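Q:
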């Protein structure tokens, strides 16, 4: 099972290597980042103040190799809501199930450690592999934010997806965990 460890300055070079074009940077980081991704932007990213926010690298416990990146942030303790964001799998590790494991572990942390009731995320409507991954974990599509991000002359749409604690608990029970 994948392990999530704190993302630190020592991980910058690898992440910057994975983000090799402006379109991919927008998919991963949203409009806050500009291409090329650099240390200054990542320093700023890690300094964002948000109680309970976790920024992780995902590590293959067998090899010790970093295979991904994920964030659980925008924690709203009053309403017990959090947001999964900035999910990325290393280009050479895609299609091997790491994304699902990584998202499952972030969800587990959100529900068990932070005692959240709802975890949500946004994903571009054309990112079918990510959508399938999120659906395997139990996320459901709630609505489409139509043409809400601009890339060059194109407008991209985002799905809002969520998973509620009772749904997650039921899924765990059905899986025998």
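Residue numbers (UniProt numbering): 1 to 177.
Cβ atoms here follow ideal geometry from the backbone N, Cα and C, with glycine treated the same way.
Only a predicted model underlies this, so the values are computations on that prediction, with no experimental measurement involved.
(1) Could you spell out where the alpha helix (DSSP H) holding residue 128 opens and where it closes?
(2) Please give the ranges of any alpha helix (DSSP H) in the region 61-129, keeping only runs that are unbroken, at least 4 residues long and fully inside the region.
(3) Distance check for residue 19 and residue 83, CA to CA, integer angstroms please.
(4) Classify residue 37 as helix, strand or coil using the three-state DSSP reduction.
(5) Identify which residue in 116, 133, 115 and 114 has its Cα closest to the Cα of residue 123.
(6) Among the residues of its own chain, which have a CB less than 6 angstroms from the CB of residue 120, if the five just before and after it don't count?
(7) Between which two residues does the beta strand (DSSP E) containing residue 31 stretch?
(8) Going by CA-CA distance only, name the one from 64, 25 and 51 that's closest to residue 110.
(9) For residue 16, which three-state DSSP category applies?
(10) Anyone know if the C-beta pair for residue 56 and residue 75 falls short of 8 angstroms?
(11) Sort out for me which residues DSSP pairs residue 151 with in a bridge.
(12) Exposed or buried, residue 86, counting other C-beta atoms within 10 Å across all chains shown (16 or more means buried)?
(13) Would residue 53 pass as a contact of residue 73 if the rule is Cβ separation under 8 angstroms?
(14) Mind checking residue 90: buried by the 16 CB within 10 Å criterion, or exposed?
(15) Going by the DSSP bridge assignment, what does residue 161 pair with across the sheet?
A: According to the structure data:
(1) The residue given as residue 128 occupies position 128 in the chain shown. Counting along the chain, the alpha helix (DSSP H) containing residue 128 begins and ends at 128-137.
(2) 98-108
(3) In the chain shown, residue 83 corresponds to position 83, counting from 1. In the chain shown, residue 19 corresponds to position 19, counting from 1. Taking the straight line from one Cα to the other gives about 22 angstroms.
(4) In the chain shown, counting from the first residue as 1, residue 37 sits at position 37. In this structure, residue 37 counts as coil in the three-state DSSP scheme.
(5) Translated into the one-based positions of the chain shown, residue 123 becomes position 123. Cα-wise, what sits closest to residue 123 is 133.
(6) Taking the chain shown and counting its residues from 1, the one referred to as residue 120 is at position 120. So the list reads 83 and 162, once near-sequence residues are dropped.
(7) Residue 31 sits at position 31 when you count from the first residue of the chain shown. From DSSP, residue 31 is part of no beta strand (DSSP E); its letter is neither H nor E.
(8) Reading the chain shown from its first residue, position 110 is the one you call residue 110. When only C-alpha atoms are compared, the closest one is 51.
(9) By one-based count along the chain shown, residue 16 stands at place 16. Of the three classes helix, strand and coil, the one that applies to residue 16 here is helix, per DSSP.
(10) Here residue 56 refers to the residue found at position 56 of the chain shown. Here residue 75 refers to the residue found at position 75 of the chain shown. Contact flag unset, no.
(11) For the purposes of this step, residue 151 is taken as the residue at position 151 of the chain shown. Residue 151 pairs with 154.
(12) Counting from 1 along the chain shown, the entry for residue 86 is found at position 86. Classification for residue 86: buried.
(13) As a working note, residue 53 is residue 53 in the chain shown. As a working note, residue 73 is residue 73 in the chain shown. Taking 8 angstroms as the Cβ cut-off, residue 53 and residue 73 qualify as a contacting pair.
(14) The residue labelled residue 90 in the question sits at position 90 within the chain shown. So residue 90 counts as buried.
(15) Counting from 1 along the chain shown, the entry for residue 161 is found at position 161. DSSP output for residue 161 lists 121 and 141 as bridge partner(s).
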